[in-house]
Structures are given as C-alpha cells and as structure tokens.
Amino acid sequence: MSIINNINKLFDHRIRLGIMSVLMVNEYADFNTLKELLDATDGNLASHTKALEKAEYIKIEKQFINRKPNTRYSATKLGQAEFKKHIEALEKLIKNT
Numbered sequence: 001m002s003i004i005n006n007i008n009k010l011f012d013h014r015i016r017l018g019i020m021s022v023l024m025v026n027e028y029a030d031f032n033t034l035k036e037l038l039d040a041t042d043g044n045l046a047s048h049t050k051a052l053e054k055a056e057y058i059k060i061e062k063q064f065i066n067r068k069p070n071t072r073y074s075a076t077k078l079g080q081a082e083f084k085k086h087i088e089a090l091e092k093l094i095k096n097t
C-alpha cells in the first residue's frame with residue numbers, strides 16, 4: 001500500500017482544507033466567519049463549500065437571524081472521518097520522508 005493512498009484529493013485546495021480544519025474544532029461556523037478566517041471571496045468560498053457538501057463531508061443549514069439570512073456549516077461524521085484519515089496520511093508521509 002502506497003503512503004499516499006489515504007490522501008484525499010478533495011482536501012488538496014487550501015480553502016477546503018481550511019473549511020474542514022475550522023469545522024473539526026468547532027461545532028459549526030457561519031459563512032462570514034469562514035470567509036474572514038480563510039480570507040476567501042464569496043464566490044470562492046461558495047464553490048468550495050458546495051464541493052464539500054456534494055461529497056457529504058459538510059452539512060449546510062440556512063436560517064434567518066433578525067430577518068437576515070444566515071448560512072452555517074458543520075462537518076458530517078463522514079467528513080470528520082475522511083479528514084482524520086487525510087491528516088493521518090499527511091503525517092505518515094512527513095515521517096517517512
């Protein structure tokens with residue numbers, strides 16, 4: 001088995017890696033929080049969250065707070081498991097090189 005087998009292509013981009021990192025240590029994060037933390041544009045963040053949602057790695061909740069739309073994200077069990085595998089694979093790669 002290759003040491004790069006568990007490296008997940010979906011986490012290759014820094015924005016997706018950042019989204020998952022934030023969601024692994026927080027129950028949820030809203031759009032503006034992620035945008036600020038990751039220094040991403042609206043469109044960039046939206047496209048990356050859609051990709052993670054399509055893979056069922058994150059869950060998206062839309063609601064209104066004081067009549068303003070609010071979108072918040074949380075990691076699914078599958079997303080958490082896949083991200084952990086990805087991080088473990090990266091750690092193995094670093095230790096073996």
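All residue numbers for the sequence shown refer to full-length UniProt numbering, where the first residue is 1 and numbers rise by one. Even glycine gets a Cβ: it sits at the ideal position worked out from N, Cα and C. These numbers were taken from a predicted model, which means no experiment stands behind them.
Checklist entry - Out of L37, R67, H86, which has the shortest C-alpha to C-alpha gap to I15? => result L37
Checklist entry - If residue 106 sits next to Y73, beta carbons under 8 Å apart, how far is it from one beta carbon to the other, in whole angstroms? => result With the chain covering 1 to 97 only, the question about residue 106 has no answer from this structure.
Checklist entry - Would A55 pass as a contact of L10 if the rule is Cβ separation under 8 Å? => result yes
Checklist entry - Looking only at C-alpha atoms, which of N26, I19, H13 sits nearest to Y57? => result I19
Next on the checklist: Does the beta-carbon of K35, which I'm using as the reference point, lie nearer than 7 Å to any heavy atom of the ligand SAH?
Outcome noted: Ligands are entirely absent from the displayed structure, and the ligand SAH is therefore not among its contents.
Checklist entry - Roughly how many angstroms lie between the CA atoms of M24 and D30, to the nearest whole one? => result 14 Å
Item to check | Any alpha helix (DSSP H) of 4 or more consecutive residues that is wholly inside the stretch 57-91 | outcome: none
Item to check | Backbone CA spacing between K59 and K77 [nearest angstrom] | outcome: 10 Å
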